[in-house]
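Protein chains in written order, with the numbering used here: chain R, 417 to 707; chain H, 4 to 392.
The structure appears below as structure tokens.
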Amino acid sequence: MNTFISQLINGVVLGSIYALLSLGLTMIFGILDIVNFAQGELYMLGAYVGFFLIAVLHINFLLALVISMIVMGVFGILVERFSFRPLMGKPHTSMILGTVGLSIFLMNGAILIFGAEPRRVGTPYSDIFVNLGPFSLSMQRVLVFAVTAALIILLTLFIQKTKMGKAMRACAQDLTAARIVGIDTNRIAMLTCFIGSALAAAGGVLIAPLFLVSPVMGLKACLKAFVVVILGGLGNVPGAIVGGFIIGIAENLTAGFISSEVKDLIPFSILILILLVKPEGLFGKYIPEKV
Amino acid sequence: MKRGIIFLLSIAFVLSLLSFPAFAGKGVIKIGMIGPMSGPCAFQGSSMKKAAEMAVDEINKKGGILGKKIKLIIEDDESTPVKAVNAAQKLVTKDQVLAVVGHYNSSCTLASMEVTQRNKVPHLCPISVAAAITGQGYKYIFRNCATNPMQVGQLADYVTQNMGKKGKENRVAIIYEQTDYGKGIMEVFKKKVSAVPGWKVVAIEVYKPGDTDMIAQLTKIKATKPDFMLVGGNMTEVAQIVRQAKEIGLKTQLLALGGVSTDKFVKLAGKENIEGMVNTSYFETTSKNPLAQKFVKNYRARYHSDPDMFAAAIYEAFYILDYAIKKTGVKYKSIKKWRKALRDVLANIKDLPGVQGPTTFGPNGQADKKVYIVRWENGKRVIIYPKGS
């Protein structure tokens, strides 16, 4: 029972990161209709910005988190302006090649600038331990979950309660109709990329002290984020959150009670199952392709 | 006109293929070294290059071997077997080297030793540890370092003989990388430890190279209450595992293998997380072996940094060649006969001192090497076996 609860806690922490990464991915798809294969690289760059602020400039961790989110948010706007906007409305193949190219460019750029070897970020939170009876977990892990929860609540409030959020929802429903009623869709696209990129950066900075920071860290993470997004439904925000936690918990329970050899098998089995049984995802609605 | 140029070029090309390469016996002895000068293992490759250049300069300064200077030819394999084979092919046919030293990656050595064996060129393998390299009965391959099963076996022997609690059950957990390398470590360690009375393997877990989150596996291991945990993998993942073990409060005696015996490991893992950890090591700069001390001193003077185990292994290989070539004498008119004679001398080497300890090649070309066992104390490695070295 104790092991079960520990594995559950581990799953929730890991799921938080998956949720953060998938949120950006699903929002960009929902509004720009672009599958962003470079989402993992935004997460990696966010971690490097965090590393620089924490390990080199010795800035407080939470402040570094906020700065990194803003820096990467602005970077997201640049990506939208120079990479996504020219791709919008183009055939799906050009769109995929475009973002895959961006991913390769950013990863190799990072290898060139930061070097291929991994780096370690230390924060005071990784040395504080929280003891909950038989379980021990570092403050950093608690922080991962707490910050993720806070960001999800803020994002939901923003989307549901503000005028901008309403405009975003309108764009997600129908971009042309949104333009007809006078919404500046370019601004909404920029805003979406700002948020998507900032959330990925938050994931990167939160995870940096737990794992190591390296230029290739985005690859595996992005793959998992795709599983999450398909599980939750493409373009569906609550779906990405629930999907993230499902995959995180499923992975940890598999490793804990079946075998660590099949740990990575489970998320992808879920992916195949969903594609076969409910291709629109758990929360998605079936929309026929517009002709 | 254009056809005329193409015709001339083709003739030039054919002639260049026919032209006989200059025989090495005219004043210089050519020795080839292949390693990852670029690519993912370029860092280790640069250590190999530094050590090779240092050894060759030293030998040449003393007048060379048999009155001939050594000419070192370095080739890049980029850690890929295809490039390794091409490089070996170039060295043995175009450059006509007397011997080849090389490769960092076992996969590269396994590929290029086909070329050296076919062309009957002595091939020294100082770094690659895959057991199969000297396990196939090839006559021209010689390895002057312990194989993976050898180092795991020596670690298991040391741990079971010196670190166990007498009269109590000693519980061992193993977490290993899901590759041939990691699997080999797990199998040998499990077999050795299980055979000792009072010792029991209670948990075996795996992870994949590049994994970052091993908390699930470690939580499972923690539930089995192990006294020892062997981490069988490469430096980056081992660093994550020891940190995460600390994080979930898993308190055991940590054990690991040679790959972590570098100063970089302390930076990645954090010195407080590896205090007391015991691992094998192929080379330590604090070794009391006089040859090693001299090597460390000269290396520091030349490169202003400490040599690592790869540098030591390459340096030793060049001195093994120095000794063996001297013994072959100068009477060989053809490079083929000279290579054969060199192979025969190498095969009979016994207790030749070197920076990593004495070398004796067995019937498969495998040297019977001992590894060090070290313990981490305050971010530094202290040799605990063999005693007094």
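Positions of the beta carbon are idealized from the N, C-alpha and C atoms, including for glycine.
The model shown is predicted, which means the values in this text are computed figures rather than measured ones.
- When R/L622, R/I688, R/G700, R/Q455 are compared, the shortest CA-CA separation from R/P654 is found for R/G700.
- The Cβ-Cβ distance between H/K142 and H/R346 falls below 8 Å.
- Residues of the segment 632-662 of chain R with a C-beta less than 9 Å from any C-beta of chain H: V632, M633, L635, K636, A637, listed in chain order.
- When secondary structure is reduced to three states using DSSP, H/A176 falls in the strand class.
- By the Cβ-count criterion, H/R246 is buried, with 16 or more other Cβ atoms from all chains shown falling within 10 Å of its own Cβ.
- Residue pairing by DSSP puts H/I32 in a beta bridge opposite H/I73.
- A Cβ-Cβ contact shorter than 8 Å links R/K640 with R/I663.
- With its beta carbon at least 8 Å from every one in chain R, H/I188 lies outside the interface.
- K267, K270, L271, A272, G273, E275: these are the residues of the segment 258-278 of chain H whose beta carbon lies less than 9 Å from some beta carbon of chain R, given in chain order.
- Taking CB atoms only, H/D80 has no neighbour in chain R less than 8 Å away.
- With contacts defined as CB atoms closer than 8 Å, H/T119 and H/Q369 fail to qualify as a contacting pair.
- For H/A248, no chain R residue has a C-beta closer than 7 Å to its own C-beta; the minimum C-beta separation is roughly 11 Å.
- Ranked by how close their Cα comes to the Cα of H/Q154, the residues H/Y285, H/Q243, H/K291 have H/Y285 in first place.
- Considering only beta carbons, the part of the segment 519-544 of chain R lying closer than 9 Å to chain H consists of A532, E533, P534, R535, R536, G538, S542, D543, in chain order.
- Unbroken alpha helix (DSSP H) stretches of 4 residues or longer found wholly inside the segment 530-583 of chain R: 555-577, given in chain order.
- Within chain R, the residues A532 have their CB atoms less than 8 Å from the CB of H/P43, given in chain order.
- With 16 or more other CB atoms across the displayed protein chains lying within 10 angstroms of its CB, H/A242 is buried.
- Per DSSP, reduced to three states, the secondary structure at H/D354 is coil, with no helix or strand assignment.
- Around the C-beta of H/L69, fewer than 16 other C-beta atoms lie within 10 Å, and the residue is accordingly described as exposed.
- Using a Cβ distance threshold of 8 Å, H/G48 and H/M40 count as a contacting pair.
- The residue among H/I32, H/N367, H/I37 with its C-alpha nearest the C-alpha of H/S109 is H/I37.
- At least one CB of chain R lies nearer than 8 Å to the CB of H/T215.
- Around the beta-carbon of H/E172, fewer than 16 other beta-carbon atoms lie within 10 Å, marking it exposed.
- As the crow flies, the alpha-carbon of R/S438 is around 16 Å from that of R/A666.
- For H/G252, the C-beta contacts it makes with chain R under 9 Å involve F545, N547, F551, S552, L553, in order along the chain.
- Buried is the label assigned to H/T331, since at least 16 other Cβ atoms lie within 10 Å of its Cβ.
- By the criterion of a C-beta distance shorter than 6 Å, R/G466 is surrounded in its chain by A480, S484, V621, A624, once the five residues flanking it on both sides are discounted.
- Put simply, the backbone Cα of H/N292 is about 10 Å away from that of H/P356.
- The three-state secondary structure of H/L257, taken from DSSP, is strand.
- For H/L233, the beta-bridge partners assigned by DSSP are H/I177, H/L258.
- One Cα belongs to H/K64, the other to H/A304, and the distance between them is close to 16 Å.
- Fully enclosed beta strand (DSSP E) runs of no fewer than 3 residues occupy 102-105, 126-128, 144-146 of the segment 99-170 of chain H, in order along the chain.
- Ranked by how close their Cα comes to the Cα of R/I421, the residues R/L548, R/T515, R/F610, R/V472 have R/L548 in first place.
- It is roughly 15 Å from the alpha-carbon of H/M166 to the alpha-carbon of H/P389.
- By the neighbour-count criterion, in which 16 or more other beta carbons inside 10 Å mark a residue as buried, R/Q589 falls on the exposed side.
- Its chain contains A588, G651 as the residues whose beta carbon lies nearer than 6 Å to that of R/G446, once the 5 sequence neighbours on both sides are disregarded; these appear in chain order.
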